[in-house]
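J.: Take this structure, written in structure tokens, and hold onto it; I'll ask about it next.
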Amino acid sequence: MADNTGITAAEFESGRCFLGRVAHGEDLVAAIERFCLTHGLETAVFSMIGALTTATLGAYDQKQQVYVTFTREGPLEIVHCGGNISLKNGVPTVHAHAVLADINGGTLGGHIFSQSRVFAGEILVRELVGTPCNRAYDRTTGLYLWKDQ
Numbered sequence: 002m003a004d005n006t007g008i009t010a011a012e013f014e015s016g017r018c019f020l021g022r023v024a025h026g027e028d029l030v031a032a033i034e035r036f037c038l039t040h041g042l043e044t045a046v047f048s049m050i051g052a053l054t055t056a057t058l059g060a061y062d063q064k065q066q067v068y069v070t071f072t073r074e075g076p077l078e079i080v081h082c083g084g085n086i087s088l089k090n091g092v093p094t095v096h097a098h099a100v101l102a103d104i105n106g107g108t109l110g111g112h113i114f115s116q117s118r119v120f121a122g123e124i125l126v127r128e129l130v131g132t133p134c135n136r137a138y139d140r141t142t143g144l145y146l147w148k149d150q
């Protein structure tokens, strides 16, 4: 639905709600994507708390239109990790950001990528029921963004 707010949005109903634990050593992104595939989740939101032993984070270089990533070894406390699940090429795909704290209280954050290993994690996944959000390549940004609903 497009209106004069500058936001294109679709309306969803709340579906199933899952509260669970991500196993020690799992790749955070891959585990969430497997969970969604297994449970038939096409559009959802999630939040997570816990800790990582390794984190791969990044930021999007808007001029070069590529993600610049870096990896940090833990222990890293998850201050906040949240994101959404939508379809990309018909497969549930995670888009998430995280803020992490090291043992000295220093923080780092960004878009979270695979090869982020869980030490311990608790996750809330809330399904959104409606026409699934699909990602498609956007020439203006170079990103895979949601197609207009």
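Counting from 2, one number per residue, gives the positions in the sequence shown under the numbering used here. Cβ coordinates follow ideal geometry from the N, Cα and C atoms, glycine included.
Would you mind giving the Cβ-Cβ distance between LEU53 and PHE114, rounded to the nearest angstrom? I have them listed as a contact below 8 Å.
T.: Counting from 1 along the sequence shown, the entry for residue 53 is found at position 52. Counting from 1 along the sequence shown, the entry for residue 114 is found at position 113. Contact flag wrong, Cβ pair sits at about 12 Å.
J.: Please work out which residues of its chain come closer than 6 Å, Cβ to Cβ, to ARG73, disregarding the five sequence neighbours upstream and downstream, and give them in chain order.
T.: For the purposes of this step, residue 73 is taken as residue 72 along the sequence shown, with counting starting at 1. Closer than 6 Å at the Cβ level, and outside the excluded window around ARG73, lie ALA56.
J.: Is the stretch 87 to 94 close to the stretch 126 to 145, with three or more CB pairs under 8 Å?
T.: Taking 8 Å as the limit for Cβ pairs, the verdict is that the stretch 126 to 145 does touch the stretch 87 to 94.
J.: Provide the residue(s) that pair with SER15 in DSSP beta bridges, ordered along the chain.
T.: Taking the first residue of the sequence shown as position 1, residue 15 is located at position 14. Paired residue(s): LEU129.
J.: To the nearest angstrom, how far is the alpha carbon of ALA138 from that of GLY16?
T.: Translated into positions along the sequence shown, residue 138 becomes position 137. Translated into positions along the sequence shown, residue 16 becomes position 15. A small correction: the amino acid at residue 138 is Tyr; Ala does not occupy that position in the sequence shown. Cα to Cα, TYR138 sits roughly 28 Å from GLY16.
J.: Determine, using beta carbons only, whether ARG127 and ALA45 come nearer to each other than 8 Å.
T.: Taking the sequence shown and counting its residues from 1, the one referred to as residue 127 is at position 126. Taking the sequence shown and counting its residues from 1, the one referred to as residue 45 is at position 44. For ARG127 and ALA45, yes; Cβs fall inside 8 Å.
J.: Using a threshold of 8 Å, state whether the C-beta atoms of GLY107 and GLY59 are closer than that.
T.: Counted from its first residue, the sequence shown places residue 107 at position 106. Counted from its first residue, the sequence shown places residue 59 at position 58. No, the pair does not count as a contact, with Cβ atoms beyond the cut-off.
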